[in-house]
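Those letters in the sequence shown? Residues 0 to 246, by numbering that gives the first Met the number 0. Don't be surprised by glycine CBs; every beta carbon is placed ideally from N, CA and C. Please read these numbers as outputs of a predicted model, since none were measured by experiment.
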Amino acid sequence: MKNLFINNELRDISVCGENLGGAIFDGLSVRDAKFIQCDFSNARIGLRKNVSFENTVFQKVDFRSVGQVNAVYDNCKFIGCDFRGTRLDDLSTKYFSCLFDKCKITDQKFLVNNFQKNTIIGKISEVQFIGDNQRLGKLDELNLNLSAYKISFFKFINCDISNIVPPDFSNYIFIKNLKTKIQKANEKLELDDLSAANKKTMERKLRHLGGLDAYLFNVEDEIYINGLEFTEKFFFYLGVDTACLLK
């Protein structure tokens, strides 16, 4: 029989090594708790009623294949947790002022309005940060600390990242005032002698970034996808000196 945690409040608890796989959490409020080396895999969180976790620490917790809706995590810490196979982009699940420290996160989407003031430490890949494209004329602002975060193969979609704290590593380039720089880049492109194929690719890349005020680039990813010569040209058009990065 599955563990049921329904219509309850849990305060100041510490749980270590428990198998909560497949458990159902519904109508639950958890505060000032610790879950250490617990198995939450295949659990169901917030099926019909809201579930909230506040000031809660999850350390080396297995969150694989967890299904969750109506869940709110406020000022929580996730340390060495495994989120593989769990969708973090449910419209009603929110993470505010949380720390993700060396967690296994890959192939994920984060909804900007539901993912604010968080800090990510470690390395993740194949992630997207997505704003609400229904709000015409204004991009949703992403507030996120990535200073100790190695991110690769990522996208920022319909969101303003002007106020993020970018990764503090040499292979990342964070560009502000991007709209103005793209206008100048298009002028340089018209005067350059790129091949027809490369010019078309460059135009498409610049057009894709045209509505954004800022963007973060992983130089290694850019070289892997487009090659060294194209990447040098791309950043040259944007007025960025990358000589020390592209050796």
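Test item: CB-CB of N69 and G45 under 8 angstroms: Counting from 1 along the sequence shown, the entry for residue 69 is found at position 70. Counting from 1 along the sequence shown, the entry for residue 45 is found at position 46. For N69 and G45, yes; Cβs fall inside 8 angstroms.
To the nearest angstrom, how far is the alpha carbon of D73 from that of L188?
Position 74 of the sequence shown, counted from the first residue, corresponds to residue 73. Position 189 of the sequence shown, counted from the first residue, corresponds to residue 188. For D73 and L188, the distance between alpha carbons rounds to 47 angstroms.
Starting from F235, follow the beta strand (DSSP E) in both directions and report where the run begins and ends.
Residue numbering aside, residue 235 sits at position 236 when the sequence shown is read from its first letter. In the DSSP assignment, F235 falls outside any beta strand (DSSP E) and lies within the alpha helix (DSSP H) extending over L227 to Y236.
For K48 and D131, what's the separation of their Cα atoms in angstroms?
For this step, residue 48 is matched to residue 49 along the sequence shown. For this step, residue 131 is matched to residue 132 along the sequence shown. Each residue's Cα considered, the two are about 24 angstroms apart.
**Item:** Best match in V71, D212, I150 and D191 for proximity to D139 [C-alpha to C-alpha]
**Value:** Numbered from its first residue, the sequence shown carries residue 139 at position 140. Taking only the C-alpha atoms, the option nearest D139 is D212.
In three-state DSSP terms, what is N6?
-> Taking the first residue of the sequence shown as 1, we reach residue 6 at position 7. Three-state result, N6: strand.
(message) Looking at the strands, I want to know which residues DSSP matches up with S247.
(response) Since the first and last residues shown for the chain are 0 and 246, residue 247 lies out of range.
Runs of alpha helix (DSSP H) wholly within the stretch 164 to 209 (minimum 4 residues, chain order): Every alpha helix (DSSP H) stretch that sits fully inside the stretch 164 to 209 and reaches 4 residues is listed by chain position as 177 to 190 and 195 to 208.
Same chain only: Cβ atoms within 6 angstroms of I78, ignoring 5 sequence neighbours per side: For this step, residue 78 is matched to residue 79 along the sequence shown. Around I78, the same chain offers Q58 and D100 as residues with beta carbons nearer than 6 angstroms, after the five sequence neighbours per side are excluded.
Check your understanding: Hey, how far is the Cα of V126 from the Cα of E186?
Key -> Here residue 126 corresponds to residue number 127 of the sequence shown, with the count starting at 1. Here residue 186 corresponds to residue number 187 of the sequence shown, with the count starting at 1. Answer to the nearest angstrom: the Cα atoms are 32 angstroms apart.
Buried or exposed: where does K183 fall if 16 or more other Cβ atoms within 10 Å of its Cβ makes it buried?
Against the sequence shown, residue 183 aligns to sequence position 184. Classification of K183: exposed, given that the 10 Å Cβ count is below 16.
Near C80, which residues of its chain fall below 6 angstroms by C-beta distance, leaving aside the five closest residues on each side in sequence? Here residue 80 refers to the residue found at position 81 of the sequence shown. Closer than 6 angstroms at Cβ, skipping near neighbours: F57, V60, F62 and C102.
Q: Please name the residue in N54, I123, L87 and G209 whose C-alpha comes closest to that of I129.
A: Numbered from 1 along the sequence shown, position 130 holds the residue referred to as residue 129. The option with the nearest alpha carbon to I129 is L87.
Please list the terminal residues of the continuous beta strand (DSSP E) segment that includes K93. Here the question's residue 93 lines up with position 94 in the sequence shown. It spans K93 to F95 - the beta strand (DSSP E) in which K93 sits, taken as one unbroken run.
| request: Could you have a look at I160 and say whether DSSP puts it in helix, strand or coil? | output: As a first step, residue 160 is located in the sequence shown; it is residue number 161 there, counting from the start. Coil, per DSSP.
(message) So N2 and L19 are supposed to be a Cβ contact under 8 angstroms. How far apart are they, rounded?
(response) Indexing the sequence shown from 1 puts residue 2 at position 3. Indexing the sequence shown from 1 puts residue 19 at position 20. Your pair N2 and L19 checks out as a contact, with CB atoms roughly 6 angstroms apart and the cut at 8 angstroms.
I need the boundaries of the beta strand (DSSP E) containing D106, first residue and last residue.
In the sequence shown, residue 106 corresponds to position 107, counting from 1. Element bounds for D106: T105 to L110.
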